[in-house]
Each structure stands twice: as structure tokens, then as C-alpha cells.
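> With this note's numbering, letter number 27 in the sequence shown gets 27, and the count goes up by one each step, no holes.
Quick reminder that beta carbons are idealized off the backbone N, C-alpha and C, glycines included.
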Amino acid sequence: RVVDGLGMLLWQAVPGFRHWGGVEPVVDAGLRECLLQALS
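1. DSSP on residue 2, reduced to helix/strand/coil?
2. Please determine, among 28, 38, 37, 40, the residue with the shortest C-alpha to C-alpha distance to residue 8.
3. Identify whether residue 24 lies in helix, strand or coil by the three-state DSSP scheme.
4. With distances taken Cα to Cα, identify the nearest neighbour of residue 33 among 11, 6, 17.
5. Could you name the residues of the same chain whose beta carbon sits closer than 7 Å to that of residue 11, not counting the 5 residues immediately before and after it, in chain order?
Right, dumping it as C-alpha cells:
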């Protein structure tokens, strides 16, 4: 099994968004898919 680290990237971004933007992003499969599409 290969772990790509994308989940860790998404979860590490949550405190930053909360602190700097005042929003709590929802980390789910849809967000992961959106990021994968943007990176490919």
C-alpha cells in the first residue's frame, strides 16, 4: 500500500485556515478529489 501524504496535507491546513481565515474547512473525499484534480 502506498500513502501519498495528501491526507496529512489537508489536515495540516485546517488550523491555518481556522487561525488566519476564521473558517473551519471540511476535510472529506470531495475536497481530496478537488485537490487531486487541481494537481493533475
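Concretely, from the data shown:
1. In the sequence shown, counting from the first residue as 1, residue 2 sits at position 2. Here residue 2 sits in coil by DSSP.
2. The count along the sequence shown starts at 1 and reaches residue 8 at position 8. When only C-alpha atoms are compared, the closest one is 28.
3. For the purposes of this step, residue 24 is taken as the residue at position 24 of the sequence shown. Of the three classes helix, strand and coil, the one that applies to residue 24 here is coil, per DSSP.
4. Here residue 33 corresponds to residue number 33 of the sequence shown, with the count starting at 1. Minimum Cα distance to residue 33 is reached at 6.
5. Along the sequence shown, read from residue 1 onward, the residue named residue 11 stands at position 11. So the list reads 27, once near-sequence residues are dropped.
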